[in-house]
Amino acid sequence: MNVNFSEEELAFQEEVRQFLKEKYPKHIQEKVKNGLHIEKEDWVEWQKILYEKGWAAANWPVEYGGTGWTPTQKYIWANESAKHHVLEVMAFGMKMVAPVIYTYGNEEQKQRFLPDILQSNVWWCQGYSEPNAGSDLASLRTTAVREGDEYIVNGTKTWTTLGHYADWIFCLVRTGRPDEKNQTAISFLLIDMNTPGISVSPIITLDGRREVNEVHFENVRVPVENLIGQEGRGWTYAKLLLTHERTNIARVAHSKVRLESLKELAANTSNGGPALMDDPIFKKKVADIELDLLALEYTELRTLAAVSTGQAPGPESSILKIKGTEVAQALDELDVEIAGYYCLPFVKEQFEYGFEGEWVGPGNAANAAPTYYNHRKVSIYGGSNEIQKNIICKAVLGL
Amino acid sequence: MDFSYSEEQQMLRDSIAKFVNQDYDFDTRQKIVASEGGFSKENWKLFAELGWLMVPFKEEDGGLGGTAVDLVGLMEELGKGIVVEPIIPTVILGGGIIAEAGSAQQKEELLGTLMEGNLQLAFAFAEPQSRYNTADIATKAEKSGDSYKINGHKAVVLNANNADKIIVAVRTSGDQRDENGISLLIVDADAAGIEKRSYETVDGHQGADLYFKDVTVPAANLLGEEGKALSAIQNVVDRAALAVAAEAVGAMEVTYKKTVEYTKTRKQFGVPIAVFQALQHRMAEMFIEHEQAKSIMLMAAMQSDAAGGVDRKAISAAKARIGKAARLVGQEAVQLHGGIGVTDELDVGHYFKRLTTIQFIFGSTDWHTERFAGL
Ligand SMILES: Cc1cc2nc3c(=O)[nH]c(=O)nc-3n(C[C@H](O)[C@H](O)[C@H](O)COP(=O)(O)OP(=O)(O)OC[C@H]3O[C@@H](n4cnc5c(N)ncnc54)[C@H](O)[C@@H]3O)c2cc1C
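Here is the structure:
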């Protein structure tokens, strides 16, 4: 066991730093750093720069354009990215549908879809959840009935993150009889969002923004060649994807950077005299989060090490999801606490890039509460934290 | 010992409860929040007619002689509807500070109009650097001849955009955090030299940052004795702390009950999610937190009445303990609702928002915990 970087790793770290300094667009950095509104174009622009460098897909197999990085290199990348306030790659294409396509798709599908994902030419969204199928995803009711060379899709998907940006959606649909077991009834289907019969309506979240949508399908005709793998195998494919989703969810590097800037902010916030950071109760809260985060960092490293020796990310990834989101939410709460009375103003226009007016409150205090409200989602989505505990009980503890 | 409400107290509660149930459903509230000024003038008139605006004022000031027990009754019931009409800034803070520090003439001039529903107030006490230290005042008022000239920046002044008059805590002498040398001035909201940066607040209320630049105020607008305002300010802020704590108690009751109802109707895995014991225990916790919060609210109100106004230690106990409960109940309500809990369309998210901000105004949970421990 050894936590030091080798010569090559140090050189890689230097290369990453250099690259980010030279190539990471300043306007995107400013948006991420200050919690400003991120536009679709920002993601696309950044992802194309990563593609040019050959660093778009850290987790993909090399043959499809992956970086071939070791776990340590990924760790270095994550830390340096967080320090430079790098915009995280939009997960739906890169981290969610791509692994399914390169693992279970046919040659034609790989060639058709993967390059556009890698180059960020196409925006994907995730169509799993439905109004009556949330935690119990397998009870989904959207149907795909085969008619000649097409599936006719009917139903409603919901909570579709940034679906209003999307060109394509990957869906779990029911191809079997309504009463058939999930293992044989659910299929994985890729659908062009421009197909007639699809409509997208907004859902506004607690921070007043449009981030999620409902996507309605009315007699939507989808060519059968858009089916991944075999009919009735969708549930198996999706499960693989969910574990991928969870290993990415701890966001340790990101939380570490946030913790540092939070300490600095609290050291510069007057608590009606002395600095807030010198307040014993506040200090203890910060330390408690830091302890959780340190433990989580090493839990994540242990998991990554296991994965690199060929073991699949198992139910332990549930730990990463639960603790990662708890730490993030605790940091959100401290941001609100630091803001004090300035958690109150709700000044949306202040968080658009290029806002020239006077900011209300110190730093981005006015963004603290909306962010805190919005981030309650992280313990709900990606398999809620309750569902993660159920997984641990069943799969690890044998209960 | 007696924990029953008097007949009048019960009537007051009933009439507010009736209003919230019949005239203040969630959609109505959201329309009011989005309307010009962010509150309903009609409702305000109604509150005046029903005598609610008189509750906290002494009989000799023309009020109903309301006790702290009456005050928490009023606020608890309003909290059930997360009512946004500016009771806190106009009645509790603005009216409160006039009642606390004003001369007979000032009270007569202002409180009567206020109780009739024809005066909106704001109380500018906090500053960007002050946090919860009411003595930390950098805004200066210099006296020359018959007037004061105010310069400075007041932070997050609730209802400032609607107010006819603003009561401003200023420093007339001493250093920035001296306890002496703090004074109060009544300023017309449209006085020359006041720049307002108005905004709605994250919980559906209204506020503004105020920048004073050579704002001239007649010396007659001094409220109370020059340089001696601190204890009056703290009393009023403490009463506001108790008031929002009581509001939180009402909001928590609705929030936990709505959560219980929701989990009984929301089905996943073929059963109502209320069947899962993992969730049942958490709802039991929410219920316990609400009960504990209600108890400590009544404790603080009764102790304050026994002390003849404000019992700082008891109020800190209540604000801190209720803040802790509000945090748990609000967060759990959202979590147990799942995705729908983080949407703007569902009421529960808005109760959660208000239960959050209440933790950080008029002294945060930690600030009150520390004050409690130190008193
Ligand atoms: C902001 C946001 C973005 C999202 N983005 C997407 C997206 O892009 N694509 C997509 O497909 N989905 C998305 N989701 C949906 C998300 O995955 C679901 O919200 C999640 O699966 C929970 O489902 P639900 O909201 O229906 O809650 P429910 O399943 O109704 O759960 C309600 C509560 O009950 C608990 N619960 C349920 N079952 C059990 C049990 N057996 N034991 C104990 N507790 C239980 C839950 O943990 C939760 O606390 C998003 C959600 C949000 C909030």
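Sequence lines, in order, name chains X and F.
When the letters of the first sequence are read in order and numbered with this note's numbering, they come out as residues 1 to 399.
When the letters of the second sequence are read in order and numbered with this note's numbering, they come out as residues 1001 to 1375.
Beta carbons: idealized from backbone N, C-alpha and C, even for Gly.
Cβ distance (whole Å) where residue i is taken to contact residue j below 8 angstroms
i                          : j                        : result
leucine 262 of chain X     : leucine 344 of chain X   : In fact, because the Cβ distance is near 19 angstroms, the residues do not count as touching under 8 angstroms.
methionine 96 of chain X   : leucine 241 of chain X   : 6 angstroms
alanine 1314 of chain F    : alanine 1300 of chain F  : 4 angstroms
glycine 1193 of chain F    : lysine 1213 of chain F   : 5 angstroms
isoleucine 1322 of chain F : alanine 1284 of chain F  : That belief does not hold up - the Cβ atoms of isoleucine 1322 of chain F and alanine 1284 of chain F are roughly 19 angstroms apart, past 8 angstroms.
alanine 57 of chain X      : glycine 65 of chain X    : 6 angstroms
asparagine 380 of chain X  : glycine 1339 of chain F  : Here residue 380 of chain X is isoleucine; the residue named in the question, asparagine, does not match the sequence. Confirmed, about 6 angstroms.
arginine 1197 of chain F   : valine 360 of chain X    : 6 angstroms
valine 173 of chain X      : threonine 142 of chain X : 5 angstroms
methionine 1286 of chain F : tyrosine 1256 of chain F : 4 angstroms
leucine 1111 of chain F    : lysine 1154 of chain F   : Between lysine 1154 of chain F and leucine 1111 of chain F the Cβ distance is about 23 angstroms, and since that is not below 8 angstroms, they are no contact.
Pick from the options that is closest to residue i, judged by C-alpha positions
i                          : options                                    : result
serine 1144 of chain F     : F:Gly1065, F:Val1215, F:Phe1123, F:Gly1374 : F:Val1215
glycine 354 of chain X     : X:Glu9, X:Glu39, X:Val16                   : X:Glu39
glutamate 297 of chain X   : X:Glu22, X:Gln230, X:Val257, X:Gly66       : X:Val257
isoleucine 1092 of chain F : F:Asp1238, F:Ala1320, F:Asn1133, F:Asn1180 : F:Asp1238
glutamate 1345 of chain F  : X:Leu206, X:Thr161, X:Thr371, X:Ser317     : X:Leu206
aspartate 1027 of chain F  : F:Gly1374, F:Lys1154, F:Asp1347, F:Gly1330 : F:Asp1347
aspartate 1014 of chain F  : F:Met1075, F:Asp1002, F:Phe1003, F:Phe1039 : F:Met1075
valine 1055 of chain F     : F:Leu1064, F:Glu1049, F:Phe1047            : F:Leu1064
tyrosine 165 of chain X    : X:Tyr373, X:Glu214, X:Ile49                : X:Glu214
valine 307 of chain X      : X:Ile49, X:Trp69, X:Ala98, X:Phe19         : X:Trp69
valine 89 of chain X       : X:Ser201, X:Ile186, X:Asp42, X:Gly105      : X:Asp42
serine 1006 of chain F     : F:Gly1037, F:Lys1041, F:Asp1070, F:Trp1052 : F:Asp1070
tryptophan 1367 of chain F : X:Gly155, X:Leu50, X:Ile338                : X:Ile338
isoleucine 76 of chain X   : X:Pro274, X:Tyr372, X:Leu304               : X:Leu304
lysine 1031 of chain F     : F:Ser1364, F:Ala1251, F:Gly1204, F:Leu1375 : F:Gly1204
glycine 1096 of chain F    : F:Ile1150, F:Ala1169, F:Val1236            : F:Val1236
valine 44 of chain X       : X:Phe351, X:Leu276, X:Leu118               : X:Leu118
valine 1260 of chain F     : F:Glu1247, F:Leu1279, F:Phe1003            : F:Leu1279
leucine 1078 of chain F    : F:Asp1061, F:Gln1105, F:Phe1047, F:Gln1106 : F:Phe1047
glutamate 1100 of chain F  : F:Phe1123, F:Leu1119, F:Glu1085, F:Val1084 : F:Phe1123
threonine 371 of chain X   : X:Lys285, X:Gly35, X:Gly105                : X:Gly35
methionine 277 of chain X  : X:Ile391, X:Glu260, X:Ile322               : X:Glu260
asparagine 418 of chain X  : X:Val220, X:Glu358, X:Arg233               : Past the edges of chain X, shown from 1 to 399, lies residue 418 of chain X, and the structure says nothing about it.
histidine 1350 of chain F  : F:Ala1373, F:Gln1010, F:Ile1082, F:Glu1059 : F:Ile1082
glutamine 1176 of chain F  : X:Glu218, X:Gly273, X:Ile228, X:Tyr151     : X:Gly273
isoleucine 1186 of chain F : F:Ser1173, F:Glu1195, F:Thr1201, F:Pro1218 : F:Pro1218
aspartate 1190 of chain F  : F:Leu1121, F:Ala1169, F:Asn1043            : F:Leu1121
threonine 1067 of chain F  : F:Gly1308, F:Val1275, F:Ala1229, F:Glu1085 : F:Gly1308
threonine 195 of chain X   : X:Thr184, X:Ser187, X:Trp168               : X:Trp168
serine 1103 of chain F     : F:Phe1276, F:Thr1265, F:Asn1021, F:Leu1222 : F:Leu1222
Terminal residues of the beta strand (DSSP E) in which residue i lies
i                          : result
threonine 158 of chain X   : 150–158
glycine 1207 of chain F    : 1206–1218
valine 1342 of chain F     : Careful: valine 1342 of chain F lies outside any beta strand (DSSP E) and carries neither H nor E.
tyrosine 104 of chain X    : Run containing tyrosine 104 of chain X: none in the beta strand (DSSP E); it sits in the alpha helix (DSSP H), 98–104.
glycine 127 of chain X     : 124–127
asparagine 1133 of chain F : Careful: asparagine 1133 of chain F lies outside any beta strand (DSSP E) and carries neither H nor E.
tryptophan 168 of chain X  : 168–174
Residue span of the alpha helix (DSSP H) that contains residue i, given as start and end
i                           : result
phenylalanine 12 of chain X : 7–23
tyrosine 75 of chain X      : 71–83
proline 115 of chain X      : 107–118
tyrosine 51 of chain X      : 40–53
arginine 141 of chain X     : Careful: arginine 141 of chain X lies outside any alpha helix (DSSP H) and carries neither H nor E.
glutamate 1116 of chain F   : 1104–1116
arginine 1312 of chain F    : 1312–1337
glutamate 260 of chain X    : 252–267
leucine 1046 of chain F     : 1041–1049
Cβ-heavy atom distance, residue i to ligand 2, below 8 angstroms
i                          : result
isoleucine 1098 of chain F : This structure does not include ligand 2; its bound ligands are ligand 1.
Proximal chain A residues relative to residue i, where beta-carbon distance stays under 8 angstroms
i                      : result
lysine 1353 of chain F : Absent from the structure is chain A; the protein chains it does hold are X and F.
Check: Could you give the uninterrupted runs of the alpha helix (DSSP H) lying entirely in the segment 1223–1275 of chain F, keeping only those of 4 residues or more?
Finding: Counting only runs that start and end inside the segment 1223–1275 of chain F, the alpha helix (DSSP H) elements of at least 4 residues fall at 1230–1265.
Notebook entry, point to check: In chain order, which continuous runs of the beta strand (DSSP E) of length 3 or greater are located wholly inside the segment 360–395 of chain X?
Noted result: Within the segment 360–395 of chain X, not a single complete beta strand (DSSP E) segment reaches 3 residues in length.
Next item on the list: Write down every uninterrupted run of the alpha helix (DSSP H) in the segment 317–349 of chain X whose length is 4 residues or greater and which is fully enclosed by it, in chain order.
Entry: Annotation: the segment 317–349 of chain X contains the following complete segments of the alpha helix (DSSP H) (minimum length 4 residues), in chain order: 317–339.
Next item on the list: Would you list, in sequence order, the uninterrupted beta strand (DSSP E) runs of no fewer than 3 residues that lie entirely inside the segment 183–238 of chain X?
Entry: Listed in chain order, the complete beta strand (DSSP E) runs (minimum 3 residues) inside the segment 183–238 of chain X are 186–192, 198–204, 210–223.
Notebook entry, point to check: In chain order, which alpha helix (DSSP H) runs of at least 4 residues are fully inside the segment 1052–1093 of chain F?
Noted result: Runs found: 1068–1080.
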